[in-house]
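Residues 1 to 218 (this note's numbering) are what the sequence shown spells out, left to right. First the structure, in the form of structure tokens, and then the observations on it.
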Amino acid sequence: MPPTNTITVRQATPDDAGELITVLVEAFLDGPVADWLIPDPAERRAVYFRYFKLIFHHGLQHGRVDTTTDRSAVAIWYTRNEAPPAGSTAMYYEVEQATGTYAPRFLLLDAMFETHHPRVPHDYLAYVAVDPRHQNHGVGTALLTSAHQRLDAANRAVYLEASNTRNRDLYLRLGYRQGPPMHLPTAGPTIWRMWRGQPNGGAPARFPADILPLRRQR
């Protein structure tokens, strides 16, 4: 894949697992969602390593994982048309095993995301993470811009959830529109739903009221 702003983006492979799982852990270790999921910071890193190991390999098997040549960033994508990606139902048990006593909140977060997921065809950015040592240098923007070029060529809309205002504002600059927010229970943080419409028609540019949530598969 050609370089974007001098940062070369490529698809990840199983050989990238060690470094990219660490990037996911470190990038998500702090913040309002991390505080809500695992209030005890002393336990958070160990739980996150188990969780993101599962997430990374699930992305390789059922979605698309992008990274940079220096492995300083990672993005996990899924193609969504009408149903959750393959392997999602079986993954609930694995999440429980990986997160232990914190599983109820991880599963609740997943259920809320799925309940509010648009039912029109799109590509879903499930996770994007930049090594904290490389943040604020355009790495995340380059990673997303590369994906947007690929998805625009296929005339695909994009959906994601932003967990803080800083990320939300970045997505707004990259052409996303903000949809109705979600509020996590038990004094949890706000999650912003973000939508980037098809460039050549189809799914609208704005986050419309008639993009209803997907029904969960049983």
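Beta carbons: idealized from backbone N, C-alpha and C, even for Gly. Predicted, not measured: the structure shown is a model, and the values here were computed from it.
Cα-Cα separation between residue i and residue j, rounded to whole angstroms
| i | j | result |
| --- | --- | --- |
| T8 | A103 | 36 Å |
| R218 | D123 | At R218 the pLDDT is 33, less than 50, meaning the model places this residue with poor confidence; the figure from the coordinates comes in the next sentence. Looking at the two C-alpha atoms, the distance is approximately 22 Å. |
| L170 | Q198 | 19 Å |
| R133 | A46 | 20 Å |
| G31 | T165 | 11 Å |
| D152 | Y92 | 32 Å |
| R64 | A17 | 14 Å |
| R71 | L160 | 22 Å |
| R173 | Q61 | 31 Å |
| P121 | I55 | 22 Å |
| P41 | N200 | 45 Å |
| T101 | H137 | 37 Å |
| A34 | N167 | 15 Å |
| R44 | N81 | 33 Å |
| T99 | E26 | 17 Å |
| P189 | L37 | 10 Å |
| E96 | F49 | 14 Å |
| H57 | Q178 | 30 Å |
| D131 | A73 | 6 Å |
Presumed contact (8 Å Cβ cut-off) between residue i and residue j, rounded CB distance
| i | j | result |
| --- | --- | --- |
| L125 | W77 | 6 Å |
| A12 | L24 | Actually they do not touch by this definition, with Cβ atoms about 11 Å apart. |
| Y176 | R196 | 5 Å |
| M112 | M182 | 6 Å |
| F28 | A129 | 6 Å |
| V139 | T68 | 6 Å |
Backbone secondary structure at residue i - three-state DSSP
| i | result |
| --- | --- |
| A129 | strand |
| V158 | strand |
| R216 | At R216, the pLDDT of 41 sits below 50, so the modelled position is not reliable; the number obtained from the coordinates is stated separately. Coil. |
| Q135 | coil |
| Q149 | helix |
| Q198 | coil |
| Y78 | strand |
| Y124 | strand |
| P181 | coil |
| P118 | strand |
Item to check | Contained beta strand (DSSP E) runs [length at least 3] in the region 3-68, N- to C-terminal order | outcome: 7-11, 64-68
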